[in-house]
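Take the position in the sequence shown, starting the count at 1, then add 2; the result is the number in our numbering. We put the CB at the ideal spot given by N, CA and C, even for glycine.
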Amino acid sequence: MNSPDAAYAAADQLLARHGRSFHWARRLLGTRHAERATRLYGFCRRIDDLADDAASPAAAHAALDTVRRALDTGRSDDAEVRDMLQLMDSCHIDASIPLELIRGVRSDLGEVRFADMDELLRYCYRVAGTVGLMMTAALDVTAPEALPHAIDLGIAMQLTNICRDVRDDALLGRRYLPATLVGELTPAALVDPSVAVRATATHALCTLLDLADRFYASGELGLRFLPAGARTGILVAARVYRGIGLVLREREYDCWSSRAMVGNGGKVAITLGALAGTLGARWGGGQTPTPTSSARPYGALPPHPGSAWLARAGVAD
């Protein structure tokens, strides 16, 4: 690839294959914002693929180091990375944010056995809260008050991913469910769990999806800071993702027999509800409580990364 158009086309193909929820919601964004969001997704997916598709952990580390150097220097021979550098320049995205994303993805290359909720949420910030921060810039959000909500929405989506993909992650030797919820279960035990292991994992999934709902509620509170033309698209993306958790609940937290997803009928219902300004309880409406500082896992988030909340979560260590 040797042109911005080619880099964008590649990102669009990745979004269509791997980011179906957002690919659906993207059509509700304006042209400029949809293009930027697609390019951002393409870069983030590229980082994931460099880790997951490498021939060895050493090769993955080397590939991620190449991208890290490009972010540090602002130069790259890779068209897709160069496109991200251009996006960062035009949207004023600080390099420290995608560097934190790389740090999170790099942690997947070792043994993944999370100890507690702090470690889990720190990881969710790095691999998804950072994406929320970058998305605010791509959507021309200027209010610093929006940033904690963007972080929260990213964390909510990552918690949903973790609950949906327990078996797939276990096959890769990863256990994101924290030991404070599941003890010292090995990933192998989560591939085809016994009745007892499944009961333990089910309790953890229930806990994490309840936590995700609190983060989704905070994320939705931040929609008022978005440009009017972007609000519906992000709302639909958030509620389609949240719908995955609802499907898991309806399946009694069965994440082993098949992948939980929201079908086209559900996406249409969510979209129509968002356009009408209302949603039924099945798709995330109803009486979800508004999170408060005392109810949040770490209290009120500060308006930018690297401050007290992230330091307490261990992100700034």
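Exercise for the section: Report, in whole angstroms, the separation of the C-beta atoms of V184 and A203, which I expect to be a contact under 8 Å. Expected result: One-based indexing of the sequence shown puts residue 184 at position 182. One-based indexing of the sequence shown puts residue 203 at position 201. Right, their Cβ atoms sit about 6 Å apart.
Problem - Stretch pair the stretch 165 to 179 + the stretch 135 to 151: three plus CB contacts closer than 8 Å - result: no
Exercise for the section: Drop a sphere of 10 angstroms on the beta-carbon of R226, count the other beta-carbons inside from all chains shown, and report buried for 16 or more, exposed for fewer. Expected result: Counted from its first residue, the sequence shown places residue 226 at position 224. The residue is exposed, with fewer than 16 neighbouring Cβ atoms inside 10 Å.
Handout entry: Sequence-distant residues of the same chain with beta carbon closer than 7 Å to A276, five excluded per side
Key = Taking the sequence shown and counting its residues from 1, one reaches residue 276 at position 274. So the list reads T234, L237, V238, R241, once near-sequence residues are dropped.
Exercise for the section: Inspect the beta-carbon positions of R48 and D85 and report whether they are closer than 7 Å. Expected result: Start at 1 with the first residue of the sequence shown, and residue 48 comes out as number 46. Start at 1 with the first residue of the sequence shown, and residue 85 comes out as number 83. Not in contact: R48 and D85 (Cβ atoms no closer than 7 Å).
Exercise for the section: To the nearest angstrom, report how far apart Y255 and A64 are at their CA atoms. Expected result: In the sequence shown, counting from the first residue as 1, residue 255 sits at position 253. In the sequence shown, counting from the first residue as 1, residue 64 sits at position 62. Near 37 Å, if we compare the C-alpha coordinates of A64 and Y255.
Exercise for the section: Could you please give me the residues that DSSP links to R176 through a beta bridge? Expected result: As a position in the sequence shown, residue 176 is number 174, starting the count at 1. Answer is V114.
Problem - Beta-carbon proximity list for R105, same chain, < 8 Å, skipping 5 on both sides - result: Here residue 105 refers to the residue found at position 103 of the sequence shown. Around R105: R128.
Problem - For V264, the three-state DSSP class (helix, strand or coil) - result: On the sequence shown, position 262 is the one that residue 264 refers to. Coil at V264, not helix or strand.
Problem - Three CB pairs or more closer than 8 Å across the stretch 153 to 172 and the stretch 94 to 101 - result: no
Practice task
Report the option in A36, A278, M263, D50 whose CA atom is closest to the CA atom of S109.
Solution key: Numbered from its first residue, the sequence shown carries residue 109 at position 107. Comparing Cα-Cα distances from S109 to each of A36, A278, M263, D50, the minimum goes to D50.
Exercise for the section: Answer yes or no: do G247 and A214 have a C-beta to C-beta separation smaller than 7 Å? Expected result: Taking the sequence shown and counting its residues from 1, the one referred to as residue 247 is at position 245. Taking the sequence shown and counting its residues from 1, the one referred to as residue 214 is at position 212. Contact flag set, yes.
Exercise for the section: Can you tell me the Cβ-Cβ gap for C257 and R166, rounded? I've got them flagged as a contact below 8 Å. Expected result: Translated into positions along the sequence shown, residue 257 becomes position 255. Translated into positions along the sequence shown, residue 166 becomes position 164. That belief holds up - the Cβ atoms of C257 and R166 are roughly 6 Å apart, short of 8 Å.
Practice task
From the DSSP output, in three-state form, read off R56 for me.
Solution key: Here the question's residue 56 lines up with position 54 in the sequence shown. Note on identity: in this sequence residue 56 is Ala, with Arg being the wrong assignment. Coil at A56, not helix or strand.
Practice task
Find out if the Cβ-Cβ distance for the pair L66, L52 is shorter than 7 Å.
Solution key: Walking along the sequence shown from the start, residue 66 turns up at place 64. Walking along the sequence shown from the start, residue 52 turns up at place 50. Yes.
Handout entry: For G32, the nearest candidate out of G268, A230, N266 (CA to CA)
Key = Here the question's residue 32 lines up with position 30 in the sequence shown. Among G268, A230, N266, the Cα nearest to that of G32 is on A230.
Problem - Close-in-space but distant-in-sequence residues of the same chain around A56 (CB under 7 Å, 5 per side omitted) - result: By 1-based counting over the sequence shown, the position of residue 56 is 54. The answer, listed in chain order, is A62, A65.
Practice task
In the DSSP assignment, find the unbroken alpha helix (DSSP H) run with T132 in it and report its ends.
Solution key: By 1-based counting over the sequence shown, the position of residue 132 is 130. Per DSSP, T132 belongs to the alpha helix (DSSP H) from 132 to 140.
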